[in-house]
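The block underneath contains the structure these notes are about, expressed in structure tokens.
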Amino acid sequence: MRIKLNIGLFGFGVVGSGLYNVLNQSKLLDASISAIVVKDPTKKRDAPSSLIHFDKDIILKDSNTNVVVELINDSEAAYEIVKSALASGKHVVTANKKLIAEHFEELITLSRANNVSLLYEAAVGGSIPIIRNLEEYYNNDTLSSVQGIVNGTTNYILTQSNQGVSYEVALKKAQELGFAEAEPTLDVDGFDSKYKLVLLIKHAFGVLSQPDEVYNYGIRHLKPQDVNYALEKGYRIKLFSRAEKLEDGIAGFVAPHFVGPEHSAYRVNDEFNAVIVEALFSDKQLFIGKGAGSYPTASAVLSDISALQFDYRYEYRKSDAEQSGKLISDYYLKVYVGSENEENVKNFPFTEVDEAFKSKGYNYQTGYVKFSDLQRINLNKSADLSLIVLPEPLFSEKSEQGVLLKNKLNFAEIN
Ligand code: HSE
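Counting with numbering that gives the first Met the number 0, you get residues 0 to 414 for the letters of the sequence shown.
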């Protein structure tokens, strides 16, 4: 049975105004916006003034409103709004990844206790329907990895730097186009990608992780020399959110990666996002779509609203089935580390060095690093060091490659 949806909308920025237009064009939906609550009374908005309000209780205390769509910038204010909406028995649709990642358990519990839905497809990958696919389509498959580009701003900046545009100019353009967060360090230091990864890990593997447990390193300190290295080797640099099932649990982190022309993400440019899902039976699948911007994000919000008509809710079956594991740190990855200062490269905790390059202006080494050693370095704060993950599989200490590496190290120590 279809439910008639009376929507209270919080926020009328890039996504909120996009949703307003998209909803007005959706003939199949039995849904209408009954009020829009915004913060700034001085801003001109392209919506009838009778709909615009400044008091959140106009929506939260209205018994006819059965859906709250939360699209504001401030995640603390969003937390209060969403909690209050769920507690008063209203369904909630949000695009706020930080809010969900930081209060996951509490909000799921609250929505279940009040028998309402909490949907957030737009929070990851913009227009890409990845959350619902992980929930429904991959419910019976054994997923081995979910990874890809889930931040439009950084992909836009990286695409532009490949074409010779400076970081500052590219970031400014991304802000003008409405891709960047109000606080752009969330994008460029990989926090936004990390919040999204927390959501992906929960829906892919049933593992609840805290944002603080997931390592994030962004693109702010990448140097033209790193871009040149990529060009020489035929790679492109992409900021990846990466989650993989290894022997003992789930590896999950955010970092720039080199990808070659054979990689599905190689040609994914500008604000486009790409999520690559690998599973035992379905093998590799690729989802591509616009990951930021007004209408692409609004389309995912619209899809959640539409799902509410049929009383859709996430069931988190993977978490409930307790087949879930935990996040781990005892694994290796192959990385490139570059710096103008030779000592920085030398002091990096490589387990094994593969290639080393030294010159007056720039130095780099490639080799293996144990993730738990990398975790101790706050690379977002190390302006004179860049790290980019090389296109090789992660391997745990317990894997064949891990045992080989350990034996090699022991042998070198003895000799
Ligand atoms: N700042 C985000 C991005 C917006 O650039 O991807 C969409 O979540």
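Heads up, the beta-carbon is just placed ideally off N, CA and C, and yes, glycines get one too.
Cβ-heavy atom distance between residue i and the ligand HSE below 7 angstroms?
{"i": "G125", "result": "yes"}
{"i": "A203", "result": "no"}
{"i": "E180", "result": "yes"}
{"i": "A355", "result": "no"}
{"i": "N150", "result": "yes"}
{"i": "D303", "result": "no"}
{"i": "G15", "result": "no"}
{"i": "G290", "result": "yes"}
{"i": "D140", "result": "no"}
{"i": "T158", "result": "no"}
{"i": "D310", "result": "no"}
{"i": "D45", "result": "no"}
{"i": "D247", "result": "no"}
{"i": "D191", "result": "yes"}
{"i": "T296", "result": "yes"}
{"i": "D188", "result": "no"}
Please report how far the alpha carbon of residue i lies from the alpha carbon of residue j, in whole angstroms.
{"i": "A46", "j": "E354", "result": "59 angstroms"}
{"i": "E105", "j": "A122", "result": "17 angstroms"}
{"i": "E182", "j": "K407", "result": "46 angstroms"}
{"i": "E270", "j": "F410", "result": "48 angstroms"}
{"i": "I304", "j": "D29", "result": "10 angstroms"}
{"i": "S263", "j": "A299", "result": "23 angstroms"}
{"i": "Y330", "j": "K43", "result": "53 angstroms"}
{"i": "K317", "j": "N161", "result": "40 angstroms"}
{"i": "V336", "j": "D372", "result": "14 angstroms"}
{"i": "L404", "j": "K397", "result": "10 angstroms"}
{"i": "S144", "j": "I51", "result": "44 angstroms"}
{"i": "N113", "j": "I148", "result": "34 angstroms"}
{"i": "G292", "j": "L133", "result": "23 angstroms"}
{"i": "Y216", "j": "L27", "result": "43 angstroms"}
{"i": "P223", "j": "N23", "result": "46 angstroms"}
{"i": "K369", "j": "K201", "result": "24 angstroms"}
Taking residue i as part of the alpha helix (DSSP H), name the residues at either end of that continuous run.
{"i": "T184", "result": "T184 to V187"}
{"i": "H202", "result": "F190 to F204"}
{"i": "S160", "result": "G151 to N161"}
{"i": "T458", "result": "The structure shown does not extend to residue 458, since the chain is modelled only from 0 through 414, so no value can be given for it."}
{"i": "Y136", "result": "Careful: Y136 lies outside any alpha helix (DSSP H) and carries neither H nor E."}
{"i": "G337", "result": "Unbroken run through G337 is the beta strand (DSSP E), Y330 to S338; no alpha helix (DSSP H)."}
{"i": "Q400", "result": "E399 to I413"}
What are the partner residues of residue i, as DSSP defines its beta bridges?
{"i": "F349", "result": "V368"}
{"i": "R375", "result": "R375 pairs with nothing; no bridge assigned."}
{"i": "D282", "result": "A278"}
{"i": "F9", "result": "V36 and E69"}
{"i": "E354", "result": "T365"}
{"i": "G147", "result": "S240 and V274"}
{"i": "H52", "result": "V36"}
{"i": "G288", "result": "N272"}
Smallest Cα separation from residue i: which of the options?
{"i": "L238", "options": "S192, P210, I275 and E341", "result": "S192"}
{"i": "K325", "options": "F204, S74 and N227", "result": "F204"}
{"i": "G401", "options": "Y367, I387 and L386", "result": "Y367"}
{"i": "S417", "options": "V68, F11, N377 and V81", "result": "Outside the shown range of the chain, which is 0 to 414, sits residue 417, and nothing can be said about it."}
{"i": "K333", "options": "V344, N346, N340 and T350", "result": "T350"}
{"i": "Q209", "options": "N272, I218, Y194 and K222", "result": "Y194"}
{"i": "E180", "options": "S165, A94 and V226", "result": "A94"}
Where do the N-terminal and C-terminal ends of the beta strand (DSSP E) with residue i fall, by residue?
{"i": "D383", "result": "No beta strand (DSSP E) holds D383; DSSP gives it neither H nor E."}
{"i": "G17", "result": "Looking at the DSSP string, G17 is not in any beta strand (DSSP E); the run it does join, the alpha helix (DSSP H), is V13 to N23."}
{"i": "T64", "result": "Element bounds for T64: n/a, residue is neither H nor E."}
{"i": "P255", "result": "I249 to V258"}
Shorter than 8 angstroms from the beta carbon of residue i to some beta carbon of chain D?
{"i": "T153", "result": "This model lacks chain D altogether, as it is built from one protein chain only."}
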